[in-house]
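Residue 172 in this note's numbering sits at position 95 of the sequence shown; the count goes up by one each step and never skips. Beta carbons are placed, not taken as given, at the ideal position from N, Cα and C, and that holds for glycine. Below is one structure, written out as structure tokens, with a few remarks after it.
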Amino acid sequence: MADAKPHVSFIGLGAMGFGMASHLIKEGYTVTGFDVWAPTLERFKAAGGLTATTPSEAVAGKDYCVCMVATAQQAQAVLVDGPNAAITTLPQGAAVLLCSTVPCEYVQSLQKQLQALGRGDILLVDSPVSGGAARAADGTLSIMAGMSEAALEKARPLLAAMADPAKLYIVQGGVGAGSNMKMVHQVLAACQILSSSEALGFADQLGLDLAKAQQTVLGSDAWNWMFEHRTPRMLTQYQPIASAINIIMKDTSIITAEGRRSGFPTLLTSAAEQVYFSGIGRGFGPDDDSSLIRLYTEGKGKVGPVHGLAESEEQKLTLVVDLLKGILLCSAAEALAFANTVGLDLDQVFELCINAAGGSRILEKVGPEIIKAFKEGTVKQGWKASEGGLALKDVAERLQAAVEEAQRIKAPLFLGTQALNVIRLALGSHGEGLAAGAVVKVWGSY
């Protein structure tokens with residue numbers, strides 16, 4: 078039949094990859110899957126897929142290959158360097174969709190390797206995804222794709238089959254731009270995953286009911302997607318495991334490494350990364366990332382007599398909300414400033430982030446004014462808050478109250494203290510009247 082869907086090979090059938098590949102089968106594609114874990118191949122066969130025992134066998138004779146392995150090292154092995162690598166049998170003009178979260182530097186180097194190996198005919202699509210296993214299985218992922226025009230023409234139908242129609246982002250800049258877009262989104266994700274544990278850990282140290290604290294945050298300006306989706310598992314002993322600490326730790330390493338390479342200070346993400354390292358050092362790596370709350374509560378009752386000033390439940394809940402708002406403000410500024418540094422379209426970044434896992438009410442409020450400042454060249458000097466708008470000094474005072482209360486009760490606030498330092502740098506000695514979004518001036522020279 079002229080309109081028959083092409084045969085697709087799929088390398089990497091982990092939680093995300095299995096859902097993506099299974100969805101393609103439901104959409105009428107014939108899919109041959111490869112994974113190093115034999116029981117996964119049996120599951121995939123039961124789901125209607127075909128299986129292969131090597132990458133080269135999987136891709137042979139197929140014009141489309143989706144690669145969804147965990148790391149750049151794994152991608153290099155299955156595509157180029159490993160035994161029976163895919164490059165040896167990929168047909169002429171095949172499209173390779175690299176959907177893994179990898180550094181921009183790696184995917185650009187992969188394109189150069191293909192050319193050097195005489196396989197410049199391969200159409201490489203830099204297309205990391207976001208959304209989790211459930212959306213992978215539903216075909217409603219957010220996909221950030223950078224590629225040549227030829228690759229876009231060939232790959233668009235397959236990308237569309239895996240993405241929410243409103244969340245397929247074609248990122249200008251070619252190969253590497255998609256990975257940069259995902260990296261910037263993960264600045265928000267990494268900070269907000271940890272801030273969820275920090276907020277409820279602080280609530281626990283304050284003696285609050287965690288379910289009530291959770292609902293208070295969800296109904297406030299401190300709402301963010303990660304808090305809404307992580308905190309329920311904090312109330313159920315971190316079950317079911319949905320996203321391991323090892324995964325987000327890998328992403329923070331991509332962010333901070335690229336920050337060092339480009340000379341950009343990842344002030345919030347670097348602080349978060351150190352906490353993730355502390356977690357995996359305790360053996361928490363395979364555990365759900367909601368379990369990081371343990372780092373905030375493990376010292377409770379072990380530090381001797383402590384006395385906070387906040388007495389009422391309302392006062393304590395306010396401290397938790399204000400802590401989160403300060404962190405969210407600084408992470409939003411860091412993400413948009415980094416996006417500007419790597420040359421992304423800030424309007425597209427904003428649209429992606431508010432509609433994906435990096436979304437927050439704070440980003441919705443301050444994002445447009447930060448983007449406007451970058452376009453008008455007013456980031457370095459900052460700008461005044463509008464009448465009735467959120468003022469940076471007010472955010473600082475409220476965040477400082479939370480940090481000082483945490484100090485009294487000896488509760489760790491890794492991100493909160495860093496956010497307060499960032500805001501103080503932005504305020505400097507001439508910060509009276511600055512808008513909250515003007516905190517981005519800290520990154521104004523990068």
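- Put simply, the region 455 to 463 does not touch the region 475 to 494. Fewer than three CB pairs are less than 8 Å apart.
- For C142, the enclosing beta strand (DSSP E) begins and ends at 141 to 144.
- In the structure shown, the three-state DSSP call for T128 is strand.
- As the crow flies, the alpha-carbon of V519 is around 11 Å from that of T343.
- When C-beta atoms of the region 435 to 455 are compared with those of the region 211 to 218, fewer than three pairs fall below 8 Å, so the two segments do not count as touching.
- Just measuring C-alpha positions, the residue of V397, A387, F415 sitting nearest E335 is F415.
- Scanning the region 159 to 191 for uninterrupted beta strand (DSSP E) segments of 3 residues or longer gives 172 to 175, listed from N- to C-terminal end.
- With distances taken between CA atoms, Q150 lies nearest to V184 out of A123, V184, V136.
- Here the region 244 to 252 makes no contact with the region 343 to 357; the two share fewer than three CB pairs at distances below 8 Å.
- For T343, the secondary structure class from DSSP, reduced to helix, strand or coil, is coil.
- Counting the other CB atoms within 10 Å of its CB gives T313 a total below 16, which places it among the exposed residues.
- Checking the DSSP bridge columns, you'll see M221 partnered with Y246.
- Below 8 Å, too few C-beta pairs join the region 268 to 288 and the region 222 to 229 to call them touching: fewer than three.
- For T418, the enclosing alpha helix (DSSP H) stretches over residues 390 to 418.
- Under the three-state reduction of DSSP output, I448 falls in the helix class.
- G278 is positioned such that its CB atom lies closer than 9 Å to that of I370.
- The beta carbon of A124 is closer than 6 Å to those of S99 in its chain, skipping five residues each way along the sequence.
- In this structure H384 is exposed. Its beta-carbon is surrounded by fewer than 16 other beta-carbon atoms within 10 angstroms.
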